[in-house]
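What follows is one structure encoded as structure tokens, with my remarks underneath.
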Amino acid sequence: MGRRKIDIVKVKDPNTMQVTFSKRRSGLFKKANELAILCGVEVAIVVFSPGNKPYSFGHPSVDAIAIKFLQDEPIPNDVIGNSSSEFPNIENLNQQLNDVLAQLQEAQKESKVLDEVLKEYKATELSQLKELKNSFIELQDMVKTRLSDIDISECMILLAQKPVVGINKKVTKRKRRN
Numbered sequence: 001m002g003r004r005k006i007d008i009v010k011v012k013d014p015n016t017m018q019v020t021f022s023k024r025r026s027g028l029f030k031k032a033n034e035l036a037i038l039c040g041v042e043v044a045i046v047v048f049s050p051g052n053k054p055y056s057f058g059h060p061s062v063d064a065i066a067i068k069f070l071q072d073e074p075i076p077n078d079v080i081g082n083s084s085s086e087f088p089n090i091e092n093l094n095q096q097l098n099d100v101l102a103q104l105q106e107a108q109k110e111s112k113v114l115d116e117v118l119k120e121y122k123a124t125e126l127s128q129l130k131e132l133k134n135s136f137i138e139l140q141d142m143v144k145t146r147l148s149d150i151d152i153s154e155c156m157i158l159l160a161q162k163p164v165v166g167i168n169k170k171v172t173k174r175k176r177r178n
């Protein structure tokens with residue numbers, strides 16, 4: 001089975017839109033990074049989230065490419081190098097940010113799965129505990145009944161073996177008066 005084709009339509013739910021944006025943004029930045037590395041080109045991407053928060057990716061930097069794009073004449077490589085050297089770790093930080101965001105998304109997915117498993121486990125455990133409690137109550141009642149029967153039996157045996165003081169063994173019939 002292959003992947004299914006997804007129709008490209010605007011997402012209406014704000015939460016789904018934010019999730020889709022985050023996934024697609026990181027994918028877009030990865031592809032731009034690959035293009036820059038594989039082809040040796042300069043790439044700049046500026047994206048605004050559904051909440052109007054800007055995100056950017058640039059190789060060597062967004063500033064250097066924006067300056068180059070806005071000027072009519074090309075900028076020599078040494079100027080681009082200087083612009084990039086103003087922010088020496090931008091590429092590294094962008095890559096680290098993308099990696100951390102990917103790890104965060106994976107952790108959130110794992111957290112959701114674990115939450116579902118925990119809820120299912122708690123529900124199962126709760127129903128099992130209720131069944132166990134009912135079984136225990138039934139057993140307790142049976143034990144009480146059995147103990148009561150044993151006590152009665154012991155009393156009957158004792159009465160049959162030893163007479164009780166003050167009670168005649170013989171039972172006499174009384175005459176009824178009419």
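Quick note on numbering: the UniProt record's numbering labels position 109 of the sequence shown as 109, and the sequence is numbered without any gaps. Using N, Cα and C, we set each Cβ at its ideal position, and we do this for glycine too.
Outcome for F29 when other beta-carbon atoms lying within 10 angstroms are tallied against a minimum of 16:
The residue in question, F29, is buried, as its Cβ has 16 or more Cβ neighbours within 10 Å.
Any chance you could list the alpha helix (DSSP H) runs of at least 4 consecutive residues sitting entirely within the stretch 77-162, in chain order?
If we require 4 residues or more, the alpha helix (DSSP H) runs fully inside the stretch 77-162 come out as 77-86, 90-161.
Quick one, are the C-beta atoms of H59 and E91 less than 8 Å apart?
A contact, by the Cβ cut-off of 8 Å.
Taking DSSP as the reference, what is the three-state secondary structure of G58?
Strand.
Contact check, P50 vs F21, beta carbons under 8 Å
Their beta carbons are under 8 Å apart, which means P50 touches F21 by this criterion.
Between residue 183 and K122, what straight-line distance do the alpha-carbon atoms span, to the nearest angstrom?
Only positions 1 to 178 of the chain appear in this structure, which leaves residue 183 out of reach.
Pull up the DSSP beta-bridge partners for V19, would you.
DSSP, once it has assigned bridges, lists no residue as partnering V19.
I45, DSSP secondary structure in three states
Correct three-state label for I45: strand.
I need the DSSP call for R24, collapsed to helix, strand or coil.
R24: helix per DSSP, three-state reduction.
Among the candidates Q105, F57, L139, whose CA atom is the shortest distance from the CA of N94?
Distance from the Cα of N94 is smallest, within the candidate group Q105, F57, L139, for F57.
What number of angstroms, rounded off, separates the C-alpha of Q161 from the C-alpha of L139?
Roughly 33 Å between the two C-alpha positions.
Rounded to whole angstroms, what is the Cα-Cα separation between V100 and K5?
If you take the alpha carbons of V100 and K5, they lie about 29 Å apart.
Taking the alpha-carbon positions, what's the D13 to L104 distance?
Taking the straight line from one Cα to the other gives about 22 Å.
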